[in-house]
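Going by full-length UniProt numbering, the first residue of the sequence shown is number 1, and it counts up by one from there.
Note sheet for the following structure.
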Amino acid sequence: MRRIVAIVLAVFLIGGVAAAVVAGREKQDKSTATKTVLGVIGSEKAEFFADPDVVKALAAKGYTLKTETSGSWAMEGLDLKGYDFAFPSSQAPADELAAKYGVRQPLPRPFYSPLVVVAHRSAAGVLADNGLATLPAKGNGTFRMSAYLKAAGADRTWQQLKGAGRHGELSGTLFISTTDPTSSNSGALYLAAASYVADGGRVADGTAAVNRTAPLMRKLISVQGAQQTSSDAAFRDFISGVGNPLVLVYESQVASLLARGQDVGDLTVLYPDTTANSDHTVVPLTDEGRALGELLSTDKELRKLAVRHGFRPQGTSAEFTAATAAHTTYLNQKLTGVRQSPVPASKVLHEMARRARG
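Following this line, the structure appears as structure tokens:
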């Protein structure tokens, strides 16, 4: 009898241990499980989301992220069924997508970046000598939009600028290289800022306003010939010494390069006195997409990593200022002397871009 009882107890004991092991494994699996979230993003954020530290930080919060890249304005033409979020580079295309898919406001806006003009020192110096820029420091300065638009409207060439003859690489028509405004955010925001200045500080609000600046906007775009669809590609070309002397990029691309300690040579960063900020805005298409957008906005580690990639987190400048303290030669941390241009409604900006492209 005692032997039978001992056998029964042993069976129960073994069963209990096995159940505990299984329960422990299930608990462990649940604690380490991640939700896979699929999104389409602007190409300028590809390096951020591919950063192993970002992947790790998201995994710690329960997310595995899969992304595809697209021009911000081109996202409107995509079929986003099955995606959890879209992440264009400014609020205008984000609002357009939100309306299309019935997404409730407000939309998460984790970080932003102003548009800047990058130039080599020779080009920046010639611009300054001719009243098109000011250079209080060696590595950064201010680009005078009104003076530039006047020069562009008159079809000025580099050869017509005082001092350009000393630099063989400065020849041909004076212009800023941008991305295609019909598909890319930075190109569209360039037109928004340029039209605002050209029209005496008025935001384009319809066809009549677009008509007033259309000839000049057309000049700004047509002189460029073939345009890139990605600001990332345009910036890489500039750093490698290829292409036009003046290129419009995001400040975040410059700040990220500096943070990595990469040699920038004679790079000069010109902040337009009237520019447009790129408000990177998440369009949540599912609950998981909204939770991710809010996490990017509020999580301290992810905000820190966003700064490492050159972005300015929304809500405070302290994080960006502290992280870029060693790079004030190139960066205007407080955006001193920079005016923020309002951006026209999406429909108006689309019309402006189409007219500019011809």
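Heads up, the beta-carbon is just placed ideally off N, CA and C, and yes, glycines get one too.
Computed from a prediction, not measured in an experiment: that's the story for all the values here.
CB contact check: residue i to chain D, cutoff 9 Å
{"i": "S230", "result": "No chain D appears in the structure shown, which is made up of a single protein chain."}
Nearest neighbour of residue i, chosen from the options [CA to CA]
{"i": "E44", "options": "F235, E351, L331 and V283", "result": "F235"}
{"i": "V338", "options": "L115, T316 and A119", "result": "L115"}
{"i": "K219", "options": "G206, A194 and D237", "result": "A194"}
{"i": "S146", "options": "L246, S252 and D199", "result": "D199"}
{"i": "A133", "options": "L38, G265, T274 and G358", "result": "T274"}
{"i": "S222", "options": "L305, A98, A322 and T173", "result": "T173"}
{"i": "V37", "options": "G62, V117 and D51", "result": "G62"}
{"i": "L267", "options": "P245, R260 and A259", "result": "P245"}
{"i": "T34", "options": "K138, A46 and V55", "result": "V55"}
{"i": "A356", "options": "T213, A291 and V264", "result": "T213"}
{"i": "S240", "options": "F49, E251, H120 and Y112", "result": "H120"}
{"i": "P272", "options": "L65, T142 and Q253", "result": "T142"}
Buried/exposed call for residue i, threshold 16 Cβ in 10 Å
{"i": "P215", "result": "exposed"}
{"i": "G153", "result": "exposed"}
{"i": "R354", "result": "exposed"}
{"i": "T281", "result": "buried"}
{"i": "residue 417", "result": "The requested residue 417 is not part of the displayed model; the chain covers only 1 to 358."}
{"i": "R25", "result": "Residue placement at R25 is flagged as unreliable, the pLDDT there being 45, under the threshold of 50; a coordinate-derived value is accordingly withheld."}
{"i": "P342", "result": "exposed"}
{"i": "V249", "result": "buried"}
{"i": "E169", "result": "exposed"}
{"i": "V348", "result": "buried"}
{"i": "Q340", "result": "exposed"}
{"i": "Q160", "result": "exposed"}
{"i": "A183", "result": "It is worth fixing the name first, because residue 183 is Ser in this sequence and not Ala. S183 is buried by the Cβ-count criterion."}
{"i": "A276", "result": "buried"}
{"i": "L302", "result": "buried"}
{"i": "V242", "result": "exposed"}
{"i": "R144", "result": "buried"}
{"i": "S317", "result": "exposed"}
{"i": "D279", "result": "buried"}
{"i": "Q253", "result": "buried"}
{"i": "R166", "result": "exposed"}
{"i": "N211", "result": "exposed"}
{"i": "S336", "result": "The sequence shown places Thr at residue 336, rather than the Ser named in the question. So T336 counts as exposed."}
{"i": "L78", "result": "exposed"}
{"i": "H350", "result": "buried"}
{"i": "S171", "result": "exposed"}
{"i": "G265", "result": "exposed"}
{"i": "R260", "result": "exposed"}
Coil, strand or helix - residue i by DSSP
{"i": "L335", "result": "coil"}
{"i": "G141", "result": "strand"}
{"i": "P313", "result": "strand"}
{"i": "N211", "result": "helix"}
{"i": "I176", "result": "coil"}
{"i": "V343", "result": "coil"}
{"i": "E351", "result": "helix"}
{"i": "L149", "result": "helix"}
{"i": "P52", "result": "helix"}
{"i": "Y271", "result": "strand"}
{"i": "A318", "result": "helix"}
{"i": "V264", "result": "coil"}
{"i": "L296", "result": "helix"}
{"i": "V249", "result": "strand"}
{"i": "A154", "result": "coil"}
{"i": "A204", "result": "coil"}
{"i": "E169", "result": "coil"}
{"i": "G125", "result": "helix"}
{"i": "A356", "result": "helix"}
{"i": "A259", "result": "helix"}
{"i": "Q105", "result": "coil"}
{"i": "G187", "result": "helix"}
{"i": "K304", "result": "helix"}
{"i": "L97", "result": "helix"}
{"i": "G289", "result": "helix"}
Cross-strand partners of residue i (DSSP beta bridge)
{"i": "Y63", "result": "K35"}
{"i": "P114", "result": "N277"}
{"i": "P284", "result": "F85"}
{"i": "Q228", "result": "T179"}
{"i": "E68", "result": "V40"}
{"i": "residue 363", "result": "Within the shown structure, residues of the chain are numbered from 1 to 358, placing residue 363 beyond reach of any answer."}
{"i": "H120", "result": "L267"}
{"i": "T134", "result": "T142"}
Any chance the region 72-82 sits against the region 321-336, with 3 or more Cβ pairs inside 8 Å?
Output reads no: the region 321-336 does not touch the region 72-82.
At least 3 beta-carbon pairs within less than 8 Å: the region 77-96 vs the region 118-127
Too few Cβ pairs lie closer than 8 Å, so no.
So, does the region 282-291 touch the region 76-90, judging by three or more C-beta pairs under 8 Å?
Between the region 282-291 and the region 76-90, the count of Cβ pairs shorter than 8 Å is three or higher; the stretches touch.
Taking contact to mean at least 3 C-beta pairs separated by less than 8 Å, is the region 307-315 in contact with the region 96-107?
Output reads no: the region 96-107 does not touch the region 307-315.
Would you call the region 175-194 and the region 222-231 touching, i.e. three or more CB-CB distances under 8 Å?
Yes: the two stretches touch, three or more of their Cβ pairs being nearer than 8 Å.
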